[in-house]
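Before any comments, here is the structure.
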Amino acid sequence: MRGSRQDPDAGSKPVQLFPLQKWIPILKDGSNSRPANGSKAFIELPSTVRRFSYEELLVGTQNLSASLLVGRGGFGPVYQLKADGVEYAVKVGTNLPDAGVGQGRHEFENEALLLWMWKHPRIVSLAGVSDGQFPCLIYEYMPGGSLSSVIHDSRRAAQFGPVKRLMVAADVANALMYLHEGGRGVKPKNNKVKKAVVLHRDINSSNVLLDQDGRGKLGDFGLSAMLHEVDVDSGMVMSGNQVVGQWAWSAPEAQELGNMTASDIYSFGLILLQMLSGCEDSILPTVRISAAMPGTDPVLDDRLAPHDPWPAMISEAVSKLSYDPRTS
1 MRGSRQDPDA GSKPVQLFPL QKWIPILKDG SNSRPANGSK AFIELPSTVR RFSYEELLVG
61 TQNLSASLLV GRGGFGPVYQ LKADGVEYAV KVGTNLPDAG VGQGRHEFEN EALLLWMWKH
121 PRIVSLAGVS DGQFPCLIYE YMPGGSLSSV IHDSRRAAQF GPVKRLMVAA DVANALMYLH
181 EGGRGVKPKN NKVKKAVVLH RDINSSNVLL DQDGRGKLGD FGLSAMLHEV DVDSGMVMSG
241 NQVVGQWAWS APEAQELGNM TASDIYSFGL ILLQMLSGCE DSILPTVRIS AAMPGTDPVL
301 DDRLAPHDPW PAMISEAVSK LSYDPRTS
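First residue of the sequence shown: 1, per UniProt numbering; consecutive thereafter.
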């Protein structure tokens with residue numbers, strides 16, 4: 001679960017965040033971002049991004065029926081939405097501070113902009129936004145739920161065998177590679193194409209969602225940051241010295257130095273460990289330490305179906321974990 005290929009003490013220059021809102025005029029490519037009905041959207045995006053009307057959202061969620069509630073995040077509930085015969089997920093920003101302004105509003109807008117700019121088969125796609133001032137983000141619907149919900153459900157976990165788990169791990173790894181290696185060239189005002197990288201900063205099993213085939217996609221980009229590409233190969237691209245996301249999933253060095261690409265990789269390693277062990281989020285740091293202790297038997301999820309056991313190579317790999325990420 002090594003977070004970097006370079007000793008953190010080697011140093012690297014922190015890099016400046018892209019102020020995403022300043023890129024809106026460039027991203028629009030001259031198109032009008034105002035919805036067709038003339039109302040002002042809660043966020044400016046190109047006109048090619050679909051605007052869902054307030055009526056569509058209410059009808060499609062049966063007036064925000066509790067029976068269609070599929071999750072709940074820091075900014076509000078997430079509902080299953082049906083519009084024009086297609087299923088979506090809609091995040092309703094009911095908990096944004098000051099009626100939808102301030103830091104919470106910024107993070108909501110940040111997610112919409114990032115998902116519009118960065119598209120990948122292993123990243124949950126943005127299907128649209130709400131028109132008017134009522135803030136909602138609409139995504140493709142992921143019927144398999146979150147990886148966390150599968151791991152913490154004994155019945156579903158038993159059917160979620162090693163091959164399926166490793167496929168999901170590969171899916172998340174592909175998404176992170178795309179984000180960290182500058183999967184998209186972006187054009188700032190000086191018309192010089194620059195590569196950028198994205199730090200997710202909130203990698204955990206609740207933010208890995210499963211499609212109808214059980215394949216994984218990375219979601220929830222509210223805390224993400226887009227940065228200039230600087231020393232990416234060292235894993236030391238930083239976004240400041242404040243840790244965001246869930247503390248149990250953050251790298252120890254991030255708690256001292258701030259978030260960096262290596263922090264995302266560390267959190268990805270914890271996802272791997274959780275898929276192997278089946279442990280609860282709250283004890284994940286303890287499991288990480290105990291698994292790395294010499295002479296400790298690998299802690300593997302014993303809920304698997306008898307016909308689908310862990311391969312011997314997995315036990316061997318877990319036994320080689322190191323407590324110190326710089327020596328693994």
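Beta carbons are placed, not taken as given, at the ideal position from N, Cα and C, and that holds for glycine.
The C-alpha of Leu270 is placed about 18 Å away from the C-alpha of Asp302. Cβ-Cβ distances below 6 Å link Tyr178 to His120 in the same chain, with the five nearest sequence neighbours on each side left out; the list follows chain order. Taking each of Leu176, Ile314, Leu45 and Gly161 in turn and checking the Cα distance to Trp116, the smallest one comes out for Leu45. Tyr141 and Arg72 have their C-alpha atoms roughly 15 Å apart.
Runs of beta strand (DSSP E) with 3 or more residues, each lying fully within the segment 53-122, are found at 69-73, 76-83 and 86-92, listed in chain order. Per the Cβ contact rule, the segment 141-155 is in contact with the segment 203-222 (3 or more Cβ pairs under 8 Å). Inclusion of Pro77 and Val92 in the CB contact set at 8 Å is warranted, their separation being smaller than that value. For Arg50, DSSP records a beta bridge to Gly128. Taking all protein chains in view, the Cβ of Met226 is crowded by 16 or more other Cβ atoms within 10 Å, so the residue is classified as buried.
Scanning its chain for C-beta atoms nearer than 8 Å, with the 5 sequence neighbours on each side dropped, one finds around Val150 the residues Gly144, Arg156, Ala157, Phe160 and Leu210, in chain order.
Contact between Gly216 and Val172 holds: their C-beta atoms lie close to 6 Å from each other, under 8 Å. Taking a 10 Å sphere around the C-beta of Asp308, we find fewer than 16 other C-beta atoms and assign the residue as exposed. By the C-beta density criterion, Val90 is buried, having at least 16 other C-beta atoms within 10 angstroms.
With 16 or more other CB atoms across the displayed protein chains lying within 10 angstroms of its CB, Ser263 is buried.
DSSP places Tyr139 in the strand class (E or B) of the three-state scheme. Closest in C-alpha terms to Leu300, from the list Gly278, Val70 and Leu223, comes Gly278. Looking only at Ile283, Leu276, Tyr54 and Gly182, the smallest Cα-Cα distance to Gly128 is reached by Tyr54. In the three-state scheme derived from DSSP, where H, G and I count as helix and E and B as strand, Gly222 is classed as coil. Distance from Glu107 to Leu223 at the Cβ level is roughly 6 Å; contact confirmed, criterion being Cβ atoms closer than 8 Å.
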